[in-house]
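Engineer: Quick note: the sequence shown uses this note's numbering, first residue 1239, plus one each step.
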Amino acid sequence: MTQAATILRTGRKFDQVLRGAREVFMADGFEGASVDEIAREAGVSKATLYSYFPDKRLLFMEVAQTECTLMSEKIMSMIDESLPVRDVLMLTAVQVITFLTSEFAQQVFRICVAERDRFPELGRAFYAAGPENGRERISEYLKKAVDAGELKIDNIPMAAEQFSELCKVKLWTRAVFGIQNQFTDAEIRDVAGHAVDMFLARYGV
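1. Sorted by chain position, which residues of the same chain lie with C-beta nearer than 7 Å to Leu-1389's C-beta, five sequence neighbours on each side aside?
2. Could you give the uninterrupted runs of the alpha helix (DSSP H) lying entirely in the region 1253 to 1278, keeping only those of 4 residues or more?
3. Going straight from the alpha carbon of Lys-1222 to that of Ala-1367, what length do you get?
4. In the structure shown, what three-state DSSP assignment does Leu-1389 receive?
5. Suppose only complete runs of 4+ residues qualify. What are the alpha helix (DSSP H) ranges in the region 1281 to 1315, listed by chain order?
6. With a CB to CB cut of under 7 Å and the five nearest residues on each side skipped, what residues in its chain are close to Cys-1505?
7. Would you list the residues sitting across from Gly-1442 in a DSSP beta bridge?
8. From Ser-1340 to Val-1346, what does the alpha carbon distance come to, in whole angstroms?
9. Could you name the residues of the same chain whose beta carbon sits closer than 7 Å to that of Lys-1408, not counting the 5 residues immediately before and after it, in chain order?
10. Run through DSSP, which three-state label would Thr-1411 get?
11. Please return the same chain residues whose Cβ sits closer than 7 Å to the Cβ of Phe-1357, not counting the five positions on each side in sequence.
12. For Glu-1403 and Leu-1438, I'd like the C-alpha separation in whole angstroms.
13. Compare the Cα-Cα distances from Met-1309 to each of Arg-1362, Ser-1283, Arg-1375 and report the closest residue.
14. Helix, strand or coil for Asp-1355? Go by DSSP, reduced to three states.
15. Among residues of its own chain, excluding the 5 on either side of Ala-1271, which ones have a beta-carbon nearer than 6 Å to its beta-carbon?
16. Assuming the contact rule is C-beta atoms closer than 8 Å, Glu-1300 and Leu-1338 should be a hit. Round their C-beta distance to whole Å, please.
17. Quick check: Ala-1259 and Ala-1331, are their CB atoms within less than 7 Å of each other?
18. Hey, quick one: how far does the alpha helix (DSSP H) through Ala-1331 stretch, first residue to last?
19. What is the rounded straight-line gap between the Cα of Arg-1350 and the Cα of Gly-1361?
20. Straight-line CA distance for Gln-1344 to Asp-1392?
21. Indicate the three-state DSSP secondary structure (helix, strand or coil) for Ser-1377 in the structure shown.
Take a look at the structure:
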């Protein structure tokens, strides 16, 4: 993030730029997305766009980070730590799987893989905002559950990684390879339920 973007990263025009960039990146990918098209979609001038993001890579990373942050905040706002562990893990798994199989997450994943050699910073930024941030949030909850005697875990970061990977079973793989691009609530809840069952079979008290 540039100093200018850091200073100006709030307000109507900034939000317009992010929305416009999101639409264009989703439709055209990273390489195919033009600054002219993003400016048109956002309803701003190229000069305004460049005042926030002088480099298309910075704009893509901001879009990815913003979306991942919104997803993470949504999950955390829904969690009621007074609920049984199974209920909290189930809610979390459903939200994680829903995000992983979303059009946005799939397109960003494809872009990061396609541009890995030329622009490795894209993948690093998405990893930090998505998987790494998600693991840290899950770890925070798991530590509280361990302290409360509801779970027994020796390596919390590893357990958080395992939980995330269990959420990628079946549906995420089908999405990645283009076998299926829409998923029902029943399909998502089925994978989430199996993920929680397996996790608790290992770490439940």
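In this text, a Cβ means the ideal position worked out from N, Cα and C, and glycines have one as well.
Structural biologist: The relevant details are as follows:
1. Val-1323, Leu-1380, Ala-1383, Tyr-1441, Gly-1442, Val-1443
2. none
3. There is no way to answer for residue 1222, as the model of the chain reaches only from 1239 to 1443.
4. strand
5. Fully enclosed alpha helix (DSSP H) runs of 4 or longer: 1284 to 1290.
6. Absent from the model: residue 1505. The displayed extent of the chain is 1239 to 1443, so no value can be given.
7. Leu-1389
8. 10 Å
9. Val-1429
10. helix
11. Arg-1295
12. 14 Å
13. Arg-1375
14. coil
15. Same-chain partners within the cutoff: Val-1262, Phe-1263.
16. Not quite, the Cβ-Cβ distance comes to about 21 Å (not below 8 Å), so this is no contact.
17. Taking the C-beta atoms as reference points, Ala-1331 is found no nearer than 7 Å to Ala-1259.
18. 1323 to 1338
19. According to the sequence shown, residue 1350 is Cys rather than Arg. Between Cys-1350 and Gly-1361, the C-alpha separation is close to 5 Å.
20. Roughly 33 Å separates the two Cα atoms.
21. helix
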